[in-house]
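One gets this note's numbering by counting positions in the sequence shown from 1 and adding 70 to each. We treat Cβ as the ideally placed atom computed from N, Cα and C, and that holds for glycine. Remember, it's a predicted structure, so these values are computed and weren't measured experimentally. See below for the structure under consideration.
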Amino acid sequence: MKKTLIKFIPFLIMASFLTTGCTQTGTTPKKLIAQHGTGSGSRSVLLAEVPVYMGNVADVSKKAKVIAIEVGKGEAAKTILVKFDDKTKGIENAVPGHASIINYEMRGGEPWATVVKPKLAKLPSGVTEVKTAELKTMMDKGEKFTLVDSRPAKRFAASNLPGAINIPSDEFEKQANMLPENKDELLVFYCGGPT
């Protein structure tokens with residue numbers, strides 16, 4: 071009987087985590103999956119859940135070694151302070167005004183960043199990314215396409231790529247008439263960063 075109970079201890083521990091939770095409010099657990107074996111004998115195994123914060127970086131203090139990240143939406147939105155140290159990977163991805171994903175661990179009741187990654191927008195089906203070098207080549211060859219700067223008008227006025235038209239992202243519906251009538255023409259949009 072005792073041996074049977076011992077076999078169920080790992081299951082009971084996992085069940086308690088599933089019912090009570092093991093991450094703080096405002097986090098999204100990220101499952102880590104390991105692949106064991108090859109071919110038809112392979113199987114995926116859940117290793118652990120890593121707590122993460124996803125949102126816009128509000129500020130970074132290199133002196134205090136703290137990242138302020140805004141998580142949640144609407145009335146549920148809040149700013150979380152996450153500490154970092156020399157062991158934190160990808161700290162260069164904590165850029166104020168940009169979206170980030172911060173994996174963290176709890177130390178002394180406070181979140182400490184372990185990995186910081188940029189949170190990149192997913193491209194819709196049928197849309198491909200044009201790298202900077204590819205765009206330059208297209209411009210140098212005089213290829214036919216419409217270049218759209220989707221930054222705010224003030225940023226466009228301060229500087230822009232040659233031949234670009236300005237349609238700020240929050241005005242796409244109002245200014246759709248600026249797009250070419252030929253719906254087969256290539257459109258290239260750019261903004262202030264990868265997120």
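- With fewer than 16 other CB atoms across the displayed protein chains lying within 10 angstroms of its CB, proline 250 is exposed.
- Beyond the five residues adjoining it in sequence on each side, phenylalanine 259 comes within less than 6 Å, by CB distance, of Val218, Ser220 in the same chain, given in chain order.
- Glutamate 204 has its alpha-carbon roughly 11 Å from the corresponding atom of lysine 211.
- Residue range 202 to 211 is occupied by the alpha helix (DSSP H) that includes aspartate 210.
- DSSP, read as helix, strand or coil, puts serine 239 in helix.
- In this structure, DSSP gives phenylalanine 259 an extended state, which the three-state scheme calls strand.
- The Cβ neighbour count for valine 152, taken over all protein chains shown within 10 Å, is at least 16; the residue is labelled buried.
- The DSSP-derived three-state label of alanine 191 is coil.
- The Cβ atoms of valine 127 and valine 165 sit closer than 8 Å to each other.
- Residue environment: threonine 198 is assigned as exposed (fewer than 16 neighbouring CB atoms within 10 Å of its CB, all protein chains considered).
- 8 Å or more divides the Cβ of isoleucine 171 from the Cβ of lysine 148.
- In the structure shown, arginine 225 adopts helical secondary structure according to DSSP, grouped into three states.
- A distance below 8 Å between beta-carbons, with the five flanking residues on each side excluded, links threonine 216 to the following residues of its chain, in chain order: Ile235, Leu249, Pro250, Glu255, Leu256, Leu257, Val258.
- Taking C-alpha positions only, asparagine 173 is separated from lysine 133 by approximately 21 Å.
- Within the DSSP secondary-structure output, glycine 125 pairs in a beta bridge with Ser170.
- Nearest neighbour of glycine 144 by Cα position, chosen from Pro238, Val136, Gly125, Asp156, turns out to be Gly125.
- Distance from the CA atom of valine 120 to the CA atom of alanine 183, rounded to whole angstroms, is 11 Å.
- With respect to proline 222, proline 238 sits close: the two C-beta atoms are nearer than 8 Å.
- By the CB criterion at 8 Å, isoleucine 150 and valine 141 fall inside the cutoff.
- If you look at threonine 216, you'll find it in the beta strand (DSSP E) that goes 216 to 219.
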